[in-house]
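Just so you know, the protein sequences line up as chains P and R, in that order.
Residue 166 in this note's numbering sits at position 166 of the first sequence; the count goes up by one each step and never skips.
Residue 24 in this note's numbering sits at position 24 of the second sequence; the count goes up by one each step and never skips.
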Amino acid sequence: MSKDSFAQKVAKTQVWKSIFRHGPPDNARNRAAVIAGNVFLHLHPIKLKKSGVQLGYTWCMGGLTFFVFLALAVTGILLMFYYRPTAEYAFNDVIALREHVPLGIMRELHRWGAHAMVITVWLHMFRVFMTGSYKPPREFNWGVGVILLVLTLLLSFTGYLLPWDQLAIWAITVGSNMAKATPFLGHGGPGANLAQIGDFIMVSDKNDVRFQLLGGRFVGEAALLRFYILHCVFIPVVVSVLIAIHFWRVRKDGGISAPL
Amino acid sequence: MSNRTTINRREFFSFLSVGWITFAAAAGGMASLVFRFLYPNVVFEPAMDFVAGAPSDFDDGVDERWKNVFGVWMYKNEGRVVALSNICTHLGCVPTWLPAERKFKCPCHGSGYYANGINFEGPAPRPLERYKVSLDAAGQIIVDKTKIFRYEKGEWTHPDSFVTA
């Protein structure tokens, strides 16, 4: 009987066995257990079809989108160490991130990543459409994907205000004026005049959906703070939950798209 | 053990529905509180009405003294003073007054307006809005931004839309 190698000794310790509940992945059962017993990997299908790893079929666009999202989370958290979302500091902090902070490319990485994510999300959607992968039983996951597309665009929109320069302020002014035109809920939209009792206007510029979005009547400091919270906390949390559901449903609905 | 009361199926479901209704009411109340939380009681923005000065303080033409604070151009012509909104009617940017060319020009998409607020170039669909103006007891002009007058609705002839110098 040969002596155990160092790796074999480690694999027999209580610490190792408490973390990894399965034996070495040298057979089909253990290889499945590697996936199923890991909180991150278990979102992934246990078995893949050959077409699932063919780059020409999937373009790996969903995976690339997830990679870019992770890169954006990392660079975004790093930017938060320097950026202060106030009218007094925001613009100067963005300049300082380029001029005075080491690795001045960090904000550009975040910005390029944001552009890249919109592109990869779109290409992923295009691929899913062209391979017919929205068809039953995957129609629910298509719906989740559409919400993720909208949230990706909202992340771009909310992030656009944060540099707090002229381009940002006026772009968000123009963009948030769309909320003003919401039927019944925006004070410039159709049906806003219906909610009027005598001289009292129920839907006005100080209580409509645009006011709620901006925290004021125009794009000011309250809007900057609201967009910061939406951009850094609220939307990323929702996106993370939906991404988990998205991946889980890929597994449950028959794996990466292929003829069923 | 022996004191344990029993409930039958029907009672169980009535308890269950009371529980769910209570939970739904609490969750709904909480959601509406969060909704209300997002509407602040006070916003730290310039007031919606202000004292602009006496009509005789203004020369004929466009006056920019209140533009940066209150977003209003005072315009005096033929003995009438009006308060022009500085919000472009296209998509809501702020135009610039160009004295040499005697026009308002929006930097966002190029809309142009005459000094009286009538649009003549670019994508702006209608003239600049005018705010309600009135004279107080001391003869000072009060501008009230909560009431607007639109040219395309024929409201610029309304007596509240101008003061006579």
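Think of the CB as a built atom: it goes at the ideal place given N, C-alpha and C, for glycine as much as any other residue.
Partner residues on chain R for residue i, Cβ-Cβ distance less than 8 Å
i, result
"residue 173 (chain P)", "91, 92, 93"
Neighbouring residues, chain P, relative to residue i (Cβ below 9 Å)
i, result
"residue 42 (chain R)", "In chain order: nothing, as chain P lies at least about 11 Å away."
Straight-line gap, residue i to residue j (C-alpha atoms, nearest Å)
i, j, result
"residue 151 (chain P)", "residue 239 (chain P)", "7 Å"
"residue 37 (chain P)", "residue 21 (chain P)", "8 Å"
"residue 80 (chain R)", "residue 67 (chain R)", "19 Å"
"residue 24 (chain P)", "residue 8 (chain P)", "10 Å"
"residue 69 (chain P)", "residue 112 (chain P)", "12 Å"
"residue 114 (chain R)", "residue 162 (chain R)", "17 Å"
"residue 188 (chain P)", "residue 230 (chain P)", "24 Å"
"residue 128 (chain P)", "residue 134 (chain P)", "7 Å"
"residue 178 (chain P)", "residue 109 (chain R)", "16 Å"
"residue 126 (chain R)", "residue 85 (chain R)", "13 Å"
"residue 250 (chain P)", "residue 143 (chain P)", "13 Å"
"residue 158 (chain R)", "residue 149 (chain R)", "8 Å"
"residue 17 (chain R)", "residue 10 (chain R)", "11 Å"
"residue 130 (chain P)", "residue 91 (chain P)", "43 Å"
"residue 51 (chain P)", "residue 162 (chain P)", "42 Å"
"residue 42 (chain P)", "residue 77 (chain P)", "26 Å"
"residue 112 (chain R)", "residue 167 (chain P)", "20 Å"
"residue 156 (chain R)", "residue 233 (chain P)", "47 Å"
"residue 103 (chain P)", "residue 85 (chain P)", "21 Å"
"residue 93 (chain R)", "residue 39 (chain P)", "49 Å"
"residue 46 (chain R)", "residue 101 (chain R)", "30 Å"
Interface partners of residue i on chain P, CB under 7 Å
i, result
"residue 16 (chain R)", "By Cβ distance, chain P contributes nothing, its closest Cβ being about 29 Å from residue 16 (chain R), past 7 Å."
"residue 38 (chain R)", "212"
Min CB distance residue i to chain R below 7 Å
i, result
"residue 170 (chain P)", "yes"
"residue 196 (chain P)", "no"
"residue 186 (chain P)", "no"
"residue 84 (chain P)", "no"
"residue 177 (chain P)", "yes"
"residue 217 (chain P)", "yes"
Own chain residues within Cβ distance below 8 Å of residue i, not counting five before or after
i, result
"residue 153 (chain P)", "118"
"residue 326 (chain P)", "What is shown of chain P runs 1 to 260, which leaves residue 326 (chain P) out entirely."
"residue 146 (chain R)", "48, 49, 132"
"residue 144 (chain R)", "48, 49, 131, 132, 133, 134"
"residue 224 (chain P)", "85, 86, 87, 90, 161, 162, 164"
"residue 172 (chain P)", "157, 160, 161, 219, 223, 227"
Closer than 7 Å to chain P by CB, residue i
i, result
"residue 88 (chain R)", "no"
"residue 106 (chain R)", "no"
"residue 45 (chain R)", "yes"
"residue 98 (chain R)", "no"
Partner residues on chain R for residue i, Cβ-Cβ distance less than 9 Å
i, result
"residue 207 (chain P)", "39"
Check: residue i C-beta below 6 Å from any heavy atom of the ligand NAP
i, result
"residue 117 (chain P)", "Here there are no bound small molecules, and the ligand NAP is not part of this structure."
Other residues of its chain near residue i: CB distance less than 7 Å, five sequence neighbours each side excluded
i, result
"residue 164 (chain R)", "79, 80"
"residue 140 (chain R)", "51, 53, 54"
"residue 147 (chain P)", "242"
7 Å Cβ cut-off: residues of chain R touching residue i
i, result
"residue 220 (chain P)", "45"
Close Cβ partners of residue i (< 6 Å) along its chain, the five nearest in sequence each way excluded
i, result
"residue 117 (chain R)", "84, 127, 128"
"residue 71 (chain P)", "113"
"residue 64 (chain P)", "120"
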